[in-house]
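Have a look at the structure below, then the notes.
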Amino acid sequence: MNSRLSTIDADIEETLNALSAPERIALISKAVLWAASEVGLDGLAIEKSIQEMHHERLHEIAQKFDNQYFELQELDDPEHLTCFSKARGYSAAAFLAQGNIYEAIYEAIAATDAPQNILRIIKTTRSGEA
Numbered sequence: 518m519n520s521r522l523s524t525i526d527a528d529i530e531e532t533l534n535a536l537s538a539p540e541r542i543a544l545i546s547k548a549v550l551w552a553a554s555e556v557g558l559d560g561l562a563i564e565k566s567i568q569e570m571h572h573e574r575l576h577e578i579a580q581k582f583d584n585q586y587f588e589l590q591e592l593d594d595p596e597h598l599t600c601f602s603k604a605r606g607y608s609a610a611a612f613l614a615q616g617n618i619y620e621a622i623y624e625a626i627a628a629t630d631a632p633q634n635i636l637r638i639i640k641t642t643r644s645g646e647a
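This is the structure we're talking about:
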């Protein structure tokens, strides 16, 4: 599979490719919700939106944070990074709600800049340690 995910962390993509589809979706869901929590999003609201497949609304919110990110970046406001992370968190949830799991995990990594934590979540959950 040639995805954006493979450009930033081939280990995560390889690990995910080795899983069954239901296991892959469950693990990516957990990682996306972890990332949302890490960047200060309302995890329960995100989870509900994903379950109800409100990907359009999640993409709209992501776009609003992206716009704030660009505006603040031009002003050299350090809060631009917070907006970037929140935009990526909402985008990860939107892609998950659409069933685009590789884009979801890519965005979760971008939100947190912590691929090692995402990989740990996937591997420990898969082995039953979490």
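So in our numbering, spot 18 of the sequence shown is number 535, and the numbers just go up one at a time. Using N, Cα and C, we set each Cβ at its ideal position, and we do this for glycine too.
- Out of G557, I638, Q568 and S546, the CA that lies nearest to the CA of F601 is found in G557.
- Counting the other Cβ atoms within 10 Å of the Cβ of E530 gives 16 or more, which makes it buried.
- Annotation: the continuous alpha helix (DSSP H) that includes D583 extends over H572 to E591.
- Annotation: the continuous alpha helix (DSSP H) that includes D528 extends over A527 to N534.
- Nearest neighbour of S523 by Cα position, chosen from I639, Y619 and T641, turns out to be Y619.
- Excluding the 5 residues flanking it on each side, K547 has same chain C-beta neighbours closer than 7 Å at I638 and T642, in chain order.
- Unbroken beta strand (DSSP E) runs of no fewer than 3 residues, entirely contained in the stretch 536–566, are not found.
- Scanning its chain for C-beta atoms nearer than 6 Å, with the 5 sequence neighbours on each side dropped, one finds around T532 the residues I639, in chain order.
- Note on S566: 16 or more other CB atoms within 10 angstroms of its CB, so buried under the neighbour-count rule.
- Contact annotation: A609 and A538 have beta-carbon atoms that are not nearer than 8 Å.
- Shown here for R541: same chain residues with a beta carbon closer than 7 Å to its own, the five before and five after excluded, namely L533 and I618 in chain order.
- Residue state for E624 is assigned as helix, using DSSP reduced to three classes.
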